[in-house]
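In this text, residue positions in the sequence shown follow the working numbering: the first is 161, and each later residue adds one. Note that the Cβ used here is the ideal one computed from N, Cα and C, for glycine as well.
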Amino acid sequence: MAIIGSYERHPDLGCEAVVFLDQESDACFQLQRDLPGGPRAGEYCITTGASAPIYGGVQAWRRVGVDRLEFALTARAARLFGDEVVSFQLAADGEADVDELAGHVGRLLGMDRLP
Numbered sequence: 161m162a163i164i165g166s167y168e169r170h171p172d173l174g175c176e177a178v179v180f181l182d183q184e185s186d187a188c189f190q191l192q193r194d195l196p197g198g199p200r201a202g203e204y205c206i207t208t209g210a211s212a213p214i215y216g217g218v219q220a221w222r223r224v225g226v227d228r229l230e231f232a233l234t235a236r237a238a239r240l241f242g243d244e245v246v247s248f249q250l251a252a253d254g255e256a257d258v259d260e261l262a263g264h265v266g267r268l269l270g271m272d273r274l275p
């Protein structure tokens, strides 16, 4: 199943996000961070878009092949998303290319990716 990935910057909300959306099920995984100067600008969170944010919910991440991003989650985040590892194969016709999204993911998470 292919996922649409996008980077969004919302100055009016004071945050930026990388969003992974399954258009078939409307399932959503978001990495969010306050814009510089915001109250939690030094931290990232993950959310379903409708759930409360989980700060520090990603233990590690990596790019697999040319079109997949994978995230190892903390126990609390795994309960929300139903698995310890979530993986997204991005659609070829997505709004942002995988290199660009990977760059935003690394910056928002503030951690190096796994090889």
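Margin query: Suppose you measure from the CA of Ser185 to the CA of Gln219; what does that come to, to the nearest Å?
Written below: In the sequence shown, the residue the question calls residue 185 occupies position 25. In the sequence shown, the residue the question calls residue 219 occupies position 59. Each residue's Cα considered, the two are about 26 Å apart.
Next item on the list: Please classify Ala177: does DSSP put it in a helix, a strand, or coil?
Entry: For the purposes of this step, residue 177 is identified with residue 17 of the sequence shown, where counting begins at 1. Residue state for Ala177 is assigned as strand, using DSSP reduced to three classes.
Notebook entry, point to check: Would His264 be called buried (16 or more neighbouring beta carbons within 10 Å of its own) or exposed?
Noted result: The sequence position of residue 264 within the sequence shown is 104, counting from 1. So His264 ends up on the buried side.
Margin query: Quick test of your reading: Gln190 and Gly209, contact by CB under 8 Å. State the CB separation rounded to the nearest angstrom.
Written below: In the sequence shown, the residue the question calls residue 190 occupies position 30. In the sequence shown, the residue the question calls residue 209 occupies position 49. The pair is a contact, with the Cβ atoms about 5 Å apart (cut-off 8 Å).
Next item on the list: Please determine, among Glu168, Leu261, Gly217 and Thr207, the residue with the shortest C-alpha to C-alpha distance to Ala235.
Entry: Taking the sequence shown and counting its residues from 1, one reaches residue 235 at position 75. Ranking the options by Cα distance to Ala235, first place goes to Gly217.
Check: Do three or more CB pairs link the region 219–229 to the region 195–204 at distances below 8 Å?
Finding: no
Check: Does DSSP put Val246 in a helix, in a strand, or in coil?
Finding: In the sequence shown, residue 246 corresponds to position 86, counting from 1. Residue state, collapsed to three classes: strand.
Check: Roughly how many angstroms lie between the CA atoms of Asp194 and Glu260, to the nearest whole one?
Finding: On the sequence shown, residue 194 is found 34 positions in, with the first residue counted as 1. On the sequence shown, residue 260 is found 100 positions in, with the first residue counted as 1. If you take the alpha carbons of Asp194 and Glu260, they lie about 19 Å apart.
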